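Student: Got a structure for you, questions after.
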């Protein structure tokens, strides 16, 4: 199939594939088809158009000879179409022969006709059934997620208990490193965001409460809202995005490269080595960050109320002391370790669920963050119901 | 655009018959390096139409670098690379695109797109370069899948569901998607068991005959060199130190080539062959 690059630039008409009926009528029932031009993938549509000539609408002949002497090029696609023409005619009872073909074309045609393959049929189902299947699958998957989450949590507690019995196996360095990654390096962004959110809430609070002449209540509003809910929620969501995704990515890429299996065959427990330090770091780090976040949000509120409502800092602090009790402060802080556990467990399970491909890593990281944020909010709701019930 | 350079030393061993054949890849006086490090210098290489060229060299000698340089993935410092008589550095982009459709590359790890099924992978070049109806692309993809020895049910699998040997075959099917004239293979049998490797060698030889391919194969596999390669080029010290059929390799007195083809493993292959 020699072809110089010039040929590609030449006028396409010269290479137009064609299939013509032979001169004259059928002789002894033998019909001749003359193929010409380039039967290649570049001319795919033209080849298909040419192939229509082989339909014989007036009824199939007994014998068909397909003359290939005029073919300048033939590739796999061309050979495939020729073979399909041949099989089509043969199915109608005709006897088909390729004549005058070049040696290279003959080899290719023989190879292609020996390999007549059909794509496996795709099972077809109605959209409604598909929809029901998907809903069902999602429900089953959610249930499995829950069960595997609880099982995993159990494994982690078992590992923690083992470490408690053999304190020499405790990995202090890993824990300190993780606390630095999770808590210390997260301080700037979390305090900044909390500061801004606190300031924004205070500003809106001042504007709305001014209409009732109750501007100073902005301190109650911000104090209770931030300490009970916002501080821990903001921090948890930020940590789920920052550290949850990092956990999933780290553990997932280790899983991908069989590093987890390598740990196992060395007699090390991946849960002890990789997961316990991360979970402990979260459980320690998240309450610390929550505290900083709440303080930062109230500082933002203090500044804004000073600017917009002339509430001086000492008035703000005195008012705050009246507005909140110690339990308001603890309600937020108690939630933090639970949020940490939820985020950490989800991140580690998703990390361990990574399969061979990098694509699956990306998918698991996304799902880790989405699930963690969703569960953090669900947990916060459950806590709200709980605290309301015990009147705390 | 004929480059008149001195006849490179390795052509002496090719014999007169080889000189008459059409050269599809002609590398002359090539220099490639990164930073202060020069990987290869004064490198000459010819690949003839319709042959299977085995390309050997020690690890880190720049086999992959040369392949990547020919494919235009690594910049060169000096020298010319001609494919079908066209200097790759001088041809316009449009012509280069047309040229790129005439070669297929099998990367070492397959480089299948992980988000696509095997069938879709094979159809990517068709979809991008050709105006072809979907049903024809499906038929053609199934044909290619069968030609590389995969079962039809592999068509709708994702690369992550395939074994190493199947990935190589699927990647080969994608490399053959546009019926290229030149096929580049980067260590096609690495990571396959000896039986799988022998099957793959056989497959390449069959496809080469059927499709009239020119095959440029980087390999470490002595069995492949003995069974399917028409000619072998050996890279050492940044240049081609020997080129020719296996007999020429065995006769070469270059120390690296000697230790490669006369080492313990090589002797085992020779003994098994004879």
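Protein chains in written order, with the numbering used here: chain H, 1 to 392; chain S, 393 to 666. Just so it is clear, CB atoms sit at the ideal spot from N, CA and C, and this is done for glycine as well. Source: prediction; values computed, not measured.
If you measure from the beta carbon of residue 18 of chain H to each beta carbon in chain S, is any gap under 8 Å?
Tutor: It does not: the Cβ of residue 18 of chain H has no partner Cβ on chain S nearer than 8 Å.
Student: Helix, strand or coil, according to DSSP, for residue 520 of chain S in the structure here?
Tutor: Of the three classes helix, strand and coil, the one that applies to residue 520 of chain S here is helix, per DSSP.
Student: CB-CB under 7 Å to residue 253 of chain H, same chain, minus the five flanking residues each way: which ones, in chain order?
Tutor: If we look at residue 253 of chain H and ignore the five residues flanking it on each side, its Cβ neighbours are 361.
Student: Residues of chain H with a CB under 8 Å from the CB of residue 507 of chain S: which are they?
Tutor: Residues of chain H passing the Cβ test: 359.
Student: For residue 584 of chain S and residue 537 of chain S, I'd like the C-alpha separation in whole angstroms.
Tutor: Computed Cα separation, rounded: 19 Å.
Student: Mind checking if residue 254 of chain H is an interface residue toward chain S, Cβ cutoff 8 Å exclusive?
Tutor: No, residue 254 of chain H lies away from the interface with chain S (no Cβ there is under 8 Å from its Cβ).
Student: What's the call for residue 656 of chain S, buried or exposed, on a 16-neighbour Cβ count within 10 Å?
Tutor: Answer is exposed; the Cβ neighbour count stays below 16.
Student: Tell me whether the region 65 to 81 of chain H and the region 584 to 601 of chain S touch, counting them as touching only if at least three CB pairs, one residue from each stretch, are closer than 8 Å.
Tutor: Counting Cβ pairs under 8 Å, fewer than three are found: no touch.
Student: My output table needs one value for residue 470 of chain S: the three-state DSSP class, helix, strand or coil.
Tutor: Note: residue 470 of chain S maps to strand in three-state DSSP.
Student: If we ignore side chains and look at the alpha-carbon of each, how far apart do residue 344 of chain H and residue 365 of chain H end up?
Tutor: Distance between the alpha carbons of residue 344 of chain H and residue 365 of chain H is about 13 Å.
Student: Considering Cα atoms alone, identify which of S:530, S:468 and S:509 is closest to residue 549 of chain S.
Tutor: Among S:530, S:468 and S:509, the Cα nearest to that of residue 549 of chain S belongs to S:509.
Student: Name the two residues that bound the continuous beta strand (DSSP E) containing residue 632 of chain S.
Tutor: From DSSP, the beta strand (DSSP E) with residue 632 of chain S extends over 631 to 636.
Student: If the cut is a Cβ gap below 7 Å, which residues of chain H does residue 531 of chain S touch?
Tutor: 80, listed in chain order.
Student: I need the DSSP call for residue 92 of chain H, collapsed to helix, strand or coil.
Tutor: The answer is coil: DSSP assigns residue 92 of chain H none of H, G, I, E or B.
Student: Given residue 439 of chain S, which residues of its chain have a CB within under 6 Å of its CB, disregarding the five upstream and five downstream residues?
Tutor: Closer than 6 Å at the Cβ level, and outside the excluded window around residue 439 of chain S, lie 416, 417, 445 and 608.
Student: Would you grab the beta carbon distance between residue 230 of chain H and residue 205 of chain H for me? Rounded to a whole angstrom, and I think it's under 8 Å.
Tutor: Not really, about 13 Å apart at Cβ, beyond 8 Å.
Student: So residue 33 of chain H and residue 79 of chain H are supposed to be a Cβ contact under 8 Å. How far apart are they, rounded?
Tutor: So it is not a contact: roughly 15 Å between Cβ atoms.
Student: Below 8 Å between beta carbons: does that hold for residue 582 of chain S and residue 453 of chain S?
Tutor: Not closer than 8 Å, so no.
Student: Going by the DSSP bridge assignment, what does residue 495 of chain S pair with across the sheet?
Tutor: S:574, per the DSSP bridge assignment.
Student: Within 10 angstroms of its Cβ, does residue 471 of chain S collect 16 or more other Cβ (buried), or is it exposed?
Tutor: Buried, because 16 or more other Cβ atoms sit within 10 Å of the Cβ of residue 471 of chain S.
Student: Would you mind sorting residue 39 of chain H into buried or exposed? The rule is 16 or more other CB atoms within 10 Å of its CB.
Tutor: Classification for residue 39 of chain H: buried.
Student: Measuring CB to CB, does residue 41 of chain H end up less than 8 Å from residue 522 of chain S?
Tutor: In this structure, residue 522 of chain S lies closer than 8 Å to residue 41 of chain H by Cβ.
Student: Please check if any C-beta of chain H sits within less than 8 Å of the C-beta of residue 604 of chain S.
Tutor: By this cut-off, residue 604 of chain S is an interface position.
Student: Once DSSP output is grouped into helix, strand and coil, what is the label at residue 79 of chain H?
Tutor: Residue 79 of chain H falls in the helix class under three-state DSSP.
Student: What does the Cβ neighbour count give for residue 321 of chain H, buried or exposed, with the cut at 16 atoms within 10 Å?
Tutor: Its Cβ having fewer than 16 others within 10 Å, residue 321 of chain H is exposed.
Student: According to a CB-to-CB cut-off of less than 8 Å, which residues of the region 363 to 379 of chain H neighbour chain A?
Tutor: Absent from the structure: chain A. Protein chains present are H and S.
Student: Nearest to residue 368 of chain H by CA position, among H:48, H:61 and H:149, is which residue?
Tutor: The option with the nearest alpha carbon to residue 368 of chain H is H:149.
Student: Might you give, ordered along the chain, the residues of its own chain that have their beta carbon closer than 8 Å to the beta carbon of residue 622 of chain S, omitting 5 neighbours on each side?
Tutor: Counting only Cβ-Cβ distances below 8 Å, and skipping sequence neighbours, we find 443, 444, 445 and 637.
Student: So the beta strand (DSSP E) residue 67 of chain H belongs to, where does it begin and stop?
Tutor: Unbroken beta strand (DSSP E) run through residue 67 of chain H: 63 to 74.
Student: Among H:228, H:101 and H:190, which residue has its Cα nearest to the Cα of residue 325 of chain H?
Tutor: Comparing Cα positions, the closest option is H:228.
Student: In the DSSP assignment, find the alpha helix (DSSP H) that holds residue 533 of chain S and state where it starts and stops.
Tutor: 526 to 539 is the span of the alpha helix (DSSP H), which, as asked, contains residue 533 of chain S.
Student: Please classify residue 589 of chain S: is it buried, with 16 or more other beta-carbons within 10 angstroms of its beta-carbon, or exposed?
Tutor: By the neighbour-count rule (16 or more Cβ atoms within 10 Å), residue 589 of chain S is buried.
Student: Mind listing which residues of the region 31 to 47 of chain H have their C-beta closer than 8 Å to chain S's C-betas, in chain order?
Tutor: Within the region 31 to 47 of chain H, the residues whose Cβ lies closer than 8 Å to some Cβ of chain S are 40, 41, 42, 44 and 45, listed in chain order.
Student: I believe residue 573 of chain S touches residue 605 of chain S by the beta-carbon criterion, under 8 Å. Please report the beta-carbon distance rounded to the nearest angstrom.
Tutor: Indeed they touch by this definition, with Cβ atoms about 7 Å apart.
Student: Quick check on residue 668 of chain S - is its C-beta less than 8 Å from some C-beta in chain H?
Tutor: Nothing about residue 668 of chain S can be read from this structure; chain S reaches only from 393 to 666.
Student: Between residue 449 of chain H and residue 159 of chain H, is the Cβ-Cβ spacing less than 8 Å?
Tutor: The structure shown does not extend to residue 449 of chain H, since chain H spans only 1 to 392, so no value can be given for it.
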